[in-house]
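Student: Residue numbering for the sequence shown follows the numbering used here, beginning at 99 and increasing consecutively.
Quick reminder that beta carbons are idealized off the backbone N, C-alpha and C, glycines included.
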Amino acid sequence: MRIFDPHIHMTSRTTDDYERMAAAGVRAVVEPAFWLGQPRTSAASFADYFDSLIGWEPFRAGQFGVRHHATVALNPKEANDPRCRAVLDLLPRYLDKDAVVAVGEIGYDSMTPEEDEAFAAQLALAVAYDLPALVHTPHRDKARGCERTLAVVAESGIDACRVVVDHLNEVTVKLVRDSGCWLGFSIYPDTKMTPSRMVELLREYGTDRMLVNSAADWGRSDPLLTRATGEAMLLAGFSDDDVDKVLWRNPVEFYGQSGRLDLSDLDVVAAVDPQTGNSILRGGS
99 MRIFDPHIHM TSRTTDDYER MAAAGVRAVV EPAFWLGQPR TSAASFADYF
149 DSLIGWEPFR AGQFGVRHHA TVALNPKEAN DPRCRAVLDL LPRYLDKDAV
199 VAVGEIGYDS MTPEEDEAFA AQLALAVAYD LPALVHTPHR DKARGCERTL
249 AVVAESGIDA CRVVVDHLNE VTVKLVRDSG CWLGFSIYPD TKMTPSRMVE
299 LLREYGTDRM LVNSAADWGR SDPLLTRATG EAMLLAGFSD DDVDKVLWRN
349 PVEFYGQSGR LDLSDLDVVA AVDPQTGNSI LRGGS
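(1) Let's test the definition: count the other Cβ atoms within 10 Å of the Cβ of residue 176 and tell me whether it reaches 16, buried, or not, exposed.
(2) Closest to residue 263 by C-alpha separation, out of 237, 288, 287, would be which residue?
(3) Using 8 angstroms as the Cβ pair cut-off and three pairs as the minimum, do the region 137 to 145 and the region 331 to 347 touch?
(4) Where residue 339 and residue 100 are concerned, what is the direct C-alpha to C-alpha distance, given to the nearest angstrom?
(5) By how many angstroms is the C-alpha of residue 187 removed from the C-alpha of residue 222?
(6) Tell me the DSSP secondary structure of residue 255 in three-state form.
(7) Can you list, in chain order, the residues of its chain whose CB lies under 6 angstroms from that of residue 193, leaving out five sequence neighbours each side?
(8) Put residue 106 into one of helix, strand or coil per three-state DSSP.
(9) In the structure shown, what three-state DSSP assignment does residue 146 receive?
(10) Measure the C-alpha to C-alpha separation of residue 121 and residue 321 and round it to an integer number of angstroms.
(11) Who are residue 166's beta bridge partners in DSSP?
(12) Could you give the uninterrupted runs of the alpha helix (DSSP H) lying entirely in the region 177 to 265, keeping only those of 4 residues or more?
(13) Is the beta carbon of residue 270 less than 8 angstroms from the beta carbon of residue 244?
(14) Looking only at its chain, what residues have a beta carbon closer than 7 angstroms to the beta carbon of residue 294, apart from the 5 residues adjacent to it on each side?
(15) Just checking: is the beta-carbon of residue 206 within a distance shorter than 8 angstroms of some beta-carbon in chain D?
(16) Sort out for me which residues DSSP pairs residue 280 with in a bridge.
(17) What does a CB cutoff of less than 8 angstroms around residue 315 pick up in its chain, not counting 5 residues either side in sequence?
(18) Less than 8 angstroms separating the beta-carbons of residue 260 and residue 231?
(19) Mind checking who residue 101 pairs with in its DSSP beta bridge?
(20) How long is the line joining the alpha carbons of residue 324 and residue 287, rounded to whole angstroms?
(21) Look up residue 291 in the DSSP assignment and say whether it is helix, strand or coil.
(22) Tell me, which residues are paired with residue 309 by DSSP?
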């Protein structure tokens, strides 16, 4: 079983986690920028953090044969802090980096006017830099948050197929599926989504545009729940090909739209742009 975790915060994990993940079949990850557990006090601290995401973390991952890419953004929670607003001016410096495959996490935490402004501005950056966007949905009032999220995405002019709306559940999945966006699900031990619930959603909605991640942030989490979901799929009667599509080919297809996904030396079959017939990966075999 080969696994590409499309949303995992490895900054909050130990090196031992990389070793366990590699042994479980995780061969590639995308790490989105997020908050660090306490408020940052200036944009300069974001610069140090972004430098770590494109420098230190790929080095840590590479020691175990795991390919690491990142997304960068001013996250929704800190979009409300005026000390952090200058990050929006800092982002272009990082959106040009080869290791950055999307703008994210962006979206909503508390659905404030400040979050509205930061969300719209960063969707505009995704369009300007021809990058996909990774969108965080609020932990509270999920249905209203999803509706508002999709309205802002539609207003931005970005193609829905270049947006993944994450942290979905049974209440929000149909809204996002019908929008044409990709659907992201964070699998946790106690909250958000479990492997068994994910299997039921895959039964009902199919495997197209479905992304399964372990998120693995500061709370109680498990970076191996992607594998647990794949095993639950097999036990439920899904085929090996179904599992490979959800855990590997789907994230490759989504982030491959950046033109920067480098999976060379991982024996990866390149995803193909259905319109041009050209590979959308850099590297690969």
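Tutor: So, from the listed chains and residues:
(1) buried
(2) 237
(3) Taking a cut-off of 8 angstroms on C-beta distances, the region 137 to 145 does not touch the region 331 to 347, as fewer than three cross pairs fall below it.
(4) For residue 339 and residue 100, the distance between alpha carbons rounds to 11 angstroms.
(5) 13 angstroms
(6) coil
(7) 227
(8) strand
(9) helix
(10) 12 angstroms
(11) Per DSSP, 127.
(12) 185 to 193, 211 to 226, 240 to 254
(13) yes
(14) 330
(15) No chain D appears in the structure shown, which is made up of a single protein chain.
(16) 262
(17) Correct list, in chain order: 107, 110, 132.
(18) yes
(19) 124
(20) 11 angstroms
(21) If DSSP states are grouped into helix, strand and coil, residue 291 belongs with coil.
(22) 282
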